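Read through the structure below, which is laid out as structure tokens, and then see the notes.
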Amino acid sequence: MLIKVIYCVFCLRLSASIELSNYSFPKDFVFGVASSSYQIEGATYEDGKGENIWDYNLHRKPEIVFDGTNGDVACDSYHKWEEDISLIKNLGANFYRFSIAWPRILPSCNVGAKINKKGIEHYDKFINGLLSKGITPMVTMYHWDLPQCLEEMGGWMNASIVDDFLIYANILFEAYGDRVKHWITFNEPFQVCEYGYSGTEMAPFRNLTGVGGYNCSHHLLLAHGRTYRHYEKKFKPIQKGKVGFAVNSGWFEPKEDTEEDRRSSERVMQFSYGWYMHPVVLGNYPSVMIDRVDAISAEENYPVSRLPKFTKEEIDMLRGSFDFLGVNHYSTAQTKFSDNFHRPSFGYDCGVAPYTNPDWATSTTLPGLQMVPWGFRRLMKWIKDQYNNPPMYVTENGWATGAGLEDNERVRYITQYLSELLKAIHEDGCNVIGYAYWTILDNFEWLSGFSTKFGLVQVDFQASNRTRTPRKSYEVYKKIISSRKVIV
Ligand code: NOJ
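Residues -17 to -1, 1 to 471 (mature numbering (1 follows the signal peptide of the UniProt record, and there is no 0)) make up the sequence shown, in order.
Structure below.
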């Protein structure tokens, strides 16, 4: 353990010697911070909110979470929202990406279920609060807190959820679209579906390996496309807002410089980012994915492919269903071909094993998170080349540490990643128009509970008022925002 810590300190020193870029951020480039409802709000059963899939599961099996905690109170942002807005304002951020809790708006799921007025009012106040301080709201409609009653009808495995989502989205456009001009339908569909429906890393922990992820994603993509078209037709001409989609992607670097490793790196990019972005930009799943899952399903004796098919109309509806792409990026891994997976599974279908590199600095609280700034630049360039340089926001990027205010590792991460982003913009010509650091406050980090911290601001979870104290990284990010250059 000690050896590991010394080694990591050494790695951080190594990465600290990377030179920071001298470029400035373009004139219209915007800076922000991001968060999500379940991770910060608390007030789980207040003001008529319905139960979500995390409430339901974590109340029944607290041991699922590393430290046995849950989001019942979290940062108590439902009550402390004015203080949060002041922190964002003082940072100088141009925009705040936050999510709306679906079960606060529609607590029950029966036909004829009523809109919860108190839920509507809460976000109304919040959005007005942001605007009164000159902060642009960027709203995520779905950041993982599905109403439990919908999960009981099959959740994202049931095609009828597409209509349910559309009803919910329509309520949000009607209630807030006069003031909200940046919408994100979904956050990280891979994590929702592959972790939540194929696996057991995320609620609802369905464990339907090799099948759940594909079905869930298919419905989620259709919900995205239909919502985009609905907004385009009914609201966009008047409200003039933009609708995007936030997809997570690591960068995958070939482990060795061989043709096979290069192919595996490209394949995993197509199976992760491409799984979602191909349909949204080009209309259908990447061909490598269709070919492999179709062939492997046939070999496994499935009567039809485990990867569902879009109809011609659905392809036309999905193609181009975005005004901007959201990119959530944290880390890089190395890749090599592998068929050492159980079947059926996404892993076997993709046929690639990821590796961490012991020479790269690793987060002491999240072992899969490595500090590889150049991987960020390569990812942005890859997206530019694949999708004809779409407008992109980095909708999340951040580093996890333990407690403490002198967060030098996070400072290193932010300055080096932003330096690489500047090179992606100025030298590679990537059309990146904004960046949001994840996250403003330490918060409930899913199965890690409160054990790992991503915040620019430390939160004391033992204190009943959840005291907030800005860290060193908060001051550094503030300087970057005001100078529009990466300076420490
Ligand atoms: C991605 C997710 O959107 C967010 O909820 C999570 O906290 C961060 N990554 C960090 O793991």
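Ideal placement from N, C-alpha and C gives every residue a C-beta, glycine not left out. Just so it is clear, the structure is predicted and the values come from calculations on it, not from any experiment.
Residue 307 classed as buried or exposed, judged by whether at least 16 other C-beta atoms fall within 10 angstroms: buried
Complete runs of the beta strand (DSSP E) confined to the segment 21 to 88 [at least 3 residues]: 78 to 82
Cβ-heavy atom distance, residue 437 to the ligand NOJ, below 7 Å: yes
Residue environment, residue 243, which counts as buried when at least 16 other CB atoms sit within 10 Å: exposed
Residue from 10, 350, 124 with nearest C-alpha to residue 77: 10
Segment limits, alpha helix (DSSP H) that includes residue 459: 455 to 466
For residue 136, the first and last residue of its enclosing alpha helix (DSSP H): No alpha helix (DSSP H) holds residue 136; DSSP gives it neither H nor E.
Validate contact between the segment 98 to 105 and the segment 36 to 43 using beta carbons, cut 8 Å, 3 pairs: no
Any non-hydrogen atom of the ligand NOJ closer than 7 Å to residue 421 Cβ: Residue 421 has its CB nearer than 7 Å to a heavy atom of the ligand NOJ.
Alpha-carbon to alpha-carbon, residue 289 and residue 283: Whole-angstrom Cα-Cα distance: 10 Å.
Pick from 118, 365, 397 that is closest to residue 69, judged by C-alpha positions: Considering only alpha carbons, the answer is 118.
Nearest residue (CA-CA) to residue 231, options 85, 278, 359: 359
Enclosing beta strand (DSSP E) for residue 109 [first to last residue]: Note, residue 109: premise wrong, no beta strand (DSSP E); alpha helix (DSSP H) at 100 to 115.
8 Å Cβ cutoff met for residue 132 and residue 91: yes
Minimum length 4: unbroken alpha helix (DSSP H) runs contained in the segment 124 to 174: Complete alpha helix (DSSP H) runs here, min 4: 131 to 134, 144 to 159.
Residue 392 Cβ short of 7 Å to the ligand NOJ heavy atom set: no
Residue 379: CB within 7 Å of a non-hydrogen atom of the ligand NOJ: yes
Distance between residue 440 and residue 453 (C-alpha atoms, nearest Å): 4 Å
Selected residue, minimal CA-CA separation from residue 195, among 365, 353, 137, 165: Among 365, 353, 137, 165, the Cα nearest to that of residue 195 belongs to 137.
Residue 285 versus residue 350 - alpha carbon distance: 37 Å
Close-in-space but distant-in-sequence residues of the same chain around residue -10 (CB under 8 Å, 5 per side omitted): Low confidence applies here, because residue -10 scores a pLDDT of 33, under 50, leaving its location unreliable and the question unanswered by this model.
Whole-number beta carbon distance between residue 151 and residue 110, since they are thought to touch under 8 Å: Not quite, the Cβ-Cβ distance comes to about 17 Å (not below 8 Å), so this is no contact.
Given 8 Å, three or more beta-carbon pairs between the segment 330 to 339 and the segment 365 to 385: no
Distance cut-off 7 Å: residue 231 Cβ against heavy atoms of the ligand NOJ: For residue 231, the Cβ falls inside the 7 Å cut-off from some heavy atom of the ligand NOJ.
Close beta carbons around residue 74, own chain, < 8 Å, minus the five adjacent residues each side: 16, 423, 439, 457, 460, 461, 464
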